[in-house]
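Comments concern the structure below.
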Amino acid sequence: MENSTTPKLITIDRHINEEQDLHPEATGEFTFLLHDFTFAIRLIEREIRRAGLNDILGLTENINIHGETVKKLDQFAFEVIYRAMDHNGNLCVMACEEANGLMKIPEKYPKGKYVLVFDPLDGSSNIDVNITLGTIFGFYKRLDPTLRTDGTIEDVLQPGRKLVAAGYVLYGSSTVMVYTTGHGVNVFTYDPTVGEFLLTKKGLKMPEWNNQYSVNEGYYHKWDEKFRKYIDFIKTPSPDKKRPYSLRYVGTAVADVHRVLNYGGIFMYPGDKSHPQGKLRLLYEANPLSFVIEQAGGRATDGQTDILDIVPSSIHQKTPLFIGSKRNVDELMEFLNS
Ligand code: AHM
Ligand code: MG
Numbered sequence: 312m313e314n315s316t317t318p319k320l321i322t323i324d325r326h327i328n329e330e331q332d333l334h335p336e337a338t339g340e341f342t343f344l345l346h347d348f349t350f351a352i353r354l355i356e357r358e359i360r361r362a363g364l365n366d367i368l369g370l371t372e373n374i375n376i377h378g379e380t381v382k383k384l385d386q387f388a389f390e391v392i393y394r395a396m397d398h399n400g401n402l403c404v405m406a407c408e409e410a411n412g413l414m415k416i417p418e419k420y421p422k423g424k425y426v427l428v429f430d431p432l433d434g435s436s437n438i439d440v441n442i443t444l445g446t447i448f449g450f451y452k453r454l455d456p457t458l459r460t461d462g463t464i465e466d467v468l469q470p471g472r473k474l475v476a477a478g479y480v481l482y483g484s485s486t487v488m489v490y491t492t493g494h495g496v497n498v499f500t501y502d503p504t505v506g507e508f509l510l511t512k513k514g515l516k517m518p519e520w521n522n523q524y525s526v527n528e529g530y531y532h533k534w535d536e537k538f539r540k541y542i543d544f545i546k547t548p549s550p551d552k553k554r555p556y557s558l559r560y561v562g563t564a565v566a567d568v569h570r571v572l573n574y575g576g577i578f579m580y581p582g583d584k585s586h587p588q589g590k591l592r593l594l595y596e597a598n599p600l601s602f603v604i605e606q607a608g609g610r611a612t613d614g615q616t617d618i619l620d621i622v623p624s625s626i627h628q629k630t631p632l633f634i635g636s637k638r639n640v641d642e643l644m645e646f647l648n649s
């Protein structure tokens, strides 16, 4: 039987091991971390796929730090990730959209050299209506990796440029994990029959341009003049038929950015009169998504600074986000800088 051209079947664990082999200095700690993280993701994926059957839809009685009512599935995802990651000895601290302060590693467990930041369930408003959800994550090395003490706020407040790995999981028509360690973007698709993530795209590069845009245009009246002009421009028909652009908006950042990653175009969540910093969080959403998009050849900015160069000053800091194909973001910047 001819099998020399058949692509290799690679699980995410195998892929992580192979990447580790490229770094002789690697201790294997990071491999363990990702192994535990993908285990948590499998549990979340199982719960999402059974949502509606397992009394998990709807609200809890808790209000989170952002004043939003926490949904049951949000709470579940948050707890599962924390419980899968708190005891493996490789993390020194975690921070997450749903927790008020830093999430410490319990005293009884050893502390390691990595920091985890995450948005356990992105797209909460879509939970009860069967629309695509996501999980976003990023790993940093702590500032002094030789320490074995609790991680500090300084360990968490590092710019996105310092991420050692980041990505997201998209619970869509299938579940995919999109992941980078700074050596290109790899996509793994979950096979629920065997419980494994399998490598389905390696070194993904995004289109340089596309005439699709994604933004909550209901806020048009609150945007500043320059941004409105850009939106008016991309909707105005042009003789070469490249405009008007098509609008696509799911309302789950992971889903909107994933479409942009694959098809090209631009996703935007700008600041506005009542929310100058927009809605999305720098640490848990903008940074990991921007790391992926840059690694795929795209661009991400807050309108002035590349997202990955912003030095955070607080863990729940928000930022305007303009992210996508390089030429699309460049075009927007011409309007913002005019
Ligand atoms: P969440 O993490 O609480 O779900 O909030 C973030 C979500 C993003 O996924 C999405 O892009 C945005 O909120 C949608 O906000 P809006 O409803 O204002 O368009
Ligand atoms: Mg979110």
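The sequence shown begins at 312 in this note's numbering and counts up by one. Cβ coordinates follow ideal geometry from the N, Cα and C atoms, glycine included.
- Residue state for Ile-626 is assigned as coil, using DSSP reduced to three classes.
- In the DSSP annotation of this structure, the continuous segment of the alpha helix (DSSP H) that includes Met-396 starts and ends at 383-396.
- Sixteen is the threshold: when 16 or more other Cβ atoms of the shown chains lie within 10 Å of the Cβ of Ser-435, as they do, the residue is buried.
- Here the distance from the Cβ of Thr-563 to the nearest heavy atom of the ligand AHM is below 6 Å.
- Secondary-structure assignment with DSSP links Asn-497 through a beta bridge to Tyr-490.
- In this structure, Val-426 and Tyr-451 form a Cβ contact; the two beta carbons are roughly 4 Å apart against a cut-off of 8 Å.
- Phe-348 and Leu-474 do not touch by the CB rule: their CB atoms are close to 14 Å apart, not below 8 Å.
- In the three-state reduction of the DSSP assignment, Lys-422 falls in the coil class.
- The secondary-structure analysis by DSSP pairs Arg-353 with nothing; it has no beta-bridge partner.
- Two segments are said to touch when three or more pairs of C-beta atoms, one from each, lie closer than 8 Å; by this definition the stretch 386-406 touches the stretch 450-470.
- In this structure Ser-557 is exposed. Its beta-carbon is surrounded by fewer than 16 other beta-carbon atoms within 10 angstroms.
- Val-622 and Gly-412 have their alpha carbons spaced roughly 18 Å apart.
- For the set Ile-542, Pro-518 and Gln-469, the Cα lying nearest the Cα of Ile-604 is the one of Pro-518.
- If you ignore the 5 residues before and after Asn-527, its C-beta comes within less than 8 Å of the C-beta of Tyr-560, Gly-562 and Tyr-580, all in its own chain and listed in chain order.
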